[in-house]
Each structure stands twice: as structure tokens, then as C-alpha cells.
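Residue numbers (my numbering), protein chains in the order written: chain A, 24 to 134; chain B, 20 to 129. Just so it is clear, CB atoms sit at the ideal spot from N, CA and C, and this is done for glycine as well. Computed from a predicted structure; not experimentally measured. These notes concern the structure reproduced below.
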Amino acid sequence: NAGVTQTPKFQVLKTGQSMTLQCAQDMNHEYMSWYRQDPGMGLRLIHYSVGAGITDQGEVPNGYNVSRSTTEDFPLRLLSAAPSQTSVYFCASKQSNEKLFFGSGTQLSVL
Amino acid sequence: SQQGEEDPQALSIQEGENATMNCSYKTSINNLQWYRQNSGRGLVHLILIRSNEREKHSGRLRVTLDTSKKSSSLLITASRAADTASYFCAANTGGFKTIFGAGTRLFVKA
Chain A
24 NAGVTQTPKF QVLKTGQSMT LQCAQDMNHE YMSWYRQDPG MGLRLIHYSV GAGITDQGEV
84 PNGYNVSRST TEDFPLRLLS AAPSQTSVYF CASKQSNEKL FFGSGTQLSV L
Chain B
20 SQQGEEDPQA LSIQEGENAT MNCSYKTSIN NLQWYRQNSG RGLVHLILIR SNEREKHSGR
80 LRVTLDTSKK SSSLLITASR AADTASYFCA ANTGGFKTIF GAGTRLFVKA
């Protein structure tokens with residue numbers, strides 16, 4: 024099993040550009056989530072999903088969209104990138120209330 | 020606002036010493052988890068303690084949970100240079116949401 028796979032690993036955007044961060048898991052986990060991590064801070068929950076077709080907002084959802092059309096995939100969309108969205112993004116998945124499995128992260132810079 | 024708050028923010032110790040990190044959270048939880056993050060890497064799960072448990076051990080790790088004080092502690096015994104990392108507590112509040120604290124940066128000097 025590959026676990027949780029995130030692409031790309033690095034991305035540079037200009038203000039106003041849009042892009043999609045990809046996340047896929049092969050563990051048949053119901054729950055998937057996106058976090059952002061800023062320097063010196065912990066992880067803040069952006070959006071999460073408890074199953075295909077179901078998504079909900081986390082702590083910092085503004086400026087981001089998600090969808091969950093399949094169990095495996097949970098893409099994160101930035102509609103109009105802003106410098107405040109410069110961060111490291113982590114996708115994670117789990118089954119029920121157990122431990123989270125994390126991807127290796129995407130380092131995003133918005134100029 | 021974040022669910023968990025770790026204390027201290029940073030900790031520097033000598034190899035062989037014990038390291039203790041504390042976490043406080045705000046609401047009721049199903050379980051509390053501790054994760055480790057090496058610089059520039061993703062988080063790795065260390066240990067999970069459920070709301071009806073008070074103490075749990077895993078190798079050199081010991082976690083305690085006090086639900087009346089909404090606090091938890093992580094003890095790493097006989098620390099090694101390889102334990103240098105950031106450590107995060109994460110509160111599972113039910114309904115699948117897991118909220119992280121800001122973390123403790125541990126530096127173990129050889």
C-alpha cells in the first residue's frame with residue numbers, strides 16, 4: 024500500500040491563480056482531511072470529509088474548496104490564490120476515530 | 020482557535036534525560052493523540068489514549084490523561100538525539116474531527 028499520496032510536493036503560484044492539490048489514499052479510509060501548517064504553528068484543519076459525497080468545513084475554510092467524489096480522492100482547490108495561503112499543506116486519512124495517516128506535504132508559495 | 024495547546028513551546032535537554040511535554044484542550048474528547056514531526060516531513064502517529072483511560076505506555080513513551088483538567092502529558096524516557104523533532108497533541112472531538120495544538124519543539128543534545 025502506498026498510504027496517502029499528495030501531489031505536487033512543491034508549487035509556486037502568482038496571486039490570483041488557481042490550482043488543485045491532489046490527495047489519494049489506498050487504505051479505504053472513510054475520513055479524509057486537509058490541514059495547513061504555518062511556521063511555528065501546529066496544523067489547522069481546512070476541510071474534511073467523512074465519506075464520498077460528504078464534506079464539511081474545518082477551522083480555516085475560507086479561500087478553499089473541496090469535493091469527495093470517490094473514497095480514494097480528496098482534492099483541495101484554491102480558487103484565487105493569495106499570499107496568506109503560503110503554507111505547507113498536509114492531507115490525512117483515517118478509519119473511524121483512530122489515528123491519522125499523513126501524506127508528505129505540499130509546500131506552496133504564493134507571490 | 021486551536022483545540023490543543025502545548026507547553027513548553029521548546030525544550031532542550033541532554034541525551035539520556037527525560038522529556039516531558041504537556042497539552043491542554045478545550046472541549047470534551049473521544050481520545051487524545053500524540054504525533055511526531057521531523058523537520059520538513061509529515062506527521063507520524065505515536066500513541067492514542069482514550070477518554071476513559073488515565074495512562075498508557077508504548078516503549079519509551081508514557082502518556083497520561085486528566086479529563087477533569089482537560090490536560091495530557093507525554094513523557095519520553097532516556098531521550099536520544101534521534102528524538103529531536105516537534106511533538107503535537109491532537110484532540111479527537113468525535114464526529115471524525117481531529118484538532119491539533121501548536122506543538123513542542125524538542126532538541127536532544129548528544
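Based on DSSP bridge pairs, tell me the residues matched to A:K117.
In the first sequence, counting from the first residue as 1, residue 117 of chain A sits at position 94. DSSP output for A:K117 lists A:Y54 as bridge partner(s).
For A:D61, does the three-state DSSP call read helix, strand or coil?
For the purposes of this step, residue 61 of chain A is taken as the residue at position 38 of the first sequence. If DSSP states are grouped into helix, strand and coil, A:D61 belongs with coil.
Is it right to say B:E25 is buried, meaning 16 or more other beta carbons lie within 10 angstroms of its own, or is it exposed?
Within the second sequence, the letter at position 6 stands for residue 25 of chain B. Flag for B:E25 reads buried.
Going along chain A, which residues have a C-beta under 8 Å from B:I118?
The residue you call residue 118 of chain B lines up with position 99 of the second sequence. What B:I118 touches in chain A: L68 and E82.
Looking at A:A115: is its Cβ nearer than 8 Å to the Cβ of A:S72?
The residue you call residue 115 of chain A lines up with position 92 of the first sequence. The residue you call residue 72 of chain A lines up with position 49 of the first sequence. In this structure, A:S72 does not lie closer than 8 Å to A:A115 by Cβ.
Following the continuous beta strand (DSSP E) through A:G74, name the residue where it begins and the one where it ends.
One-based indexing of the first sequence puts residue 74 of chain A at position 51. Taken as a continuous stretch (DSSP letters only), the beta strand (DSSP E) holding A:G74 covers L66 to G74.
How should A:H70 be labelled, buried or exposed, when 16 other C-beta atoms within 10 angstroms of its C-beta is the threshold for buried?
For the purposes of this step, residue 70 of chain A is taken as residue 47 along the first sequence, with counting starting at 1. Result: buried.
Opposing strand residues paired with B:T123 [DSSP bridges]:
In the second sequence, counting from the first residue as 1, residue 123 of chain B sits at position 104. Answer is B:Y106, bridged to B:T123.
Going by Cα to Cα distance, which pick from B:L93, B:V82 and B:N49 is closest to B:I118?
If you number the second sequence from 1, residue 118 of chain B lands on position 99. Of the listed residues, the one whose Cα sits closest to B:I118 is B:N49.
Is there a C-beta anywhere in chain A that falls below 8 Å from the one on B:A104?
Your numbering for residue 104 of chain B matches position 85 in the second sequence. It does not: the Cβ of B:A104 has no partner Cβ on chain A nearer than 8 Å.
DSSP state of A:Q108 mapped onto helix, strand, coil:
For the purposes of this step, residue 108 of chain A is taken as the residue at position 85 of the first sequence. DSSP places A:Q108 in helix when its eight states are reduced to three.
If you measure from the beta carbon of B:Q21 to each beta carbon in chain A, is any gap under 8 Å?
Residue 21 of chain B sits at position 2 when you count from the first residue of the second sequence. Residue placement at B:Q21 is poorly supported in this model, since its pLDDT is 47, which falls under 50; the coordinates are not used for a value here.
Using CA coordinates, which residue listed in B:T112, B:S105 and B:N57 is at the minimum distance from B:P27?
As a working note, residue 27 of chain B is residue 8 in the second sequence. Residue B:S105 is the option with its Cα nearest to B:P27.
State the beta-bridge partners of A:Y87 as determined by DSSP.
Your numbering for residue 87 of chain A matches position 64 in the first sequence. DSSP lists A:L101 as partners of A:Y87.
For the structure I just gave you, are there three or more beta carbon pairs, one from the segment 102-117 of chain A and one from the segment 75-89 of chain A, closer than 8 Å?
yes
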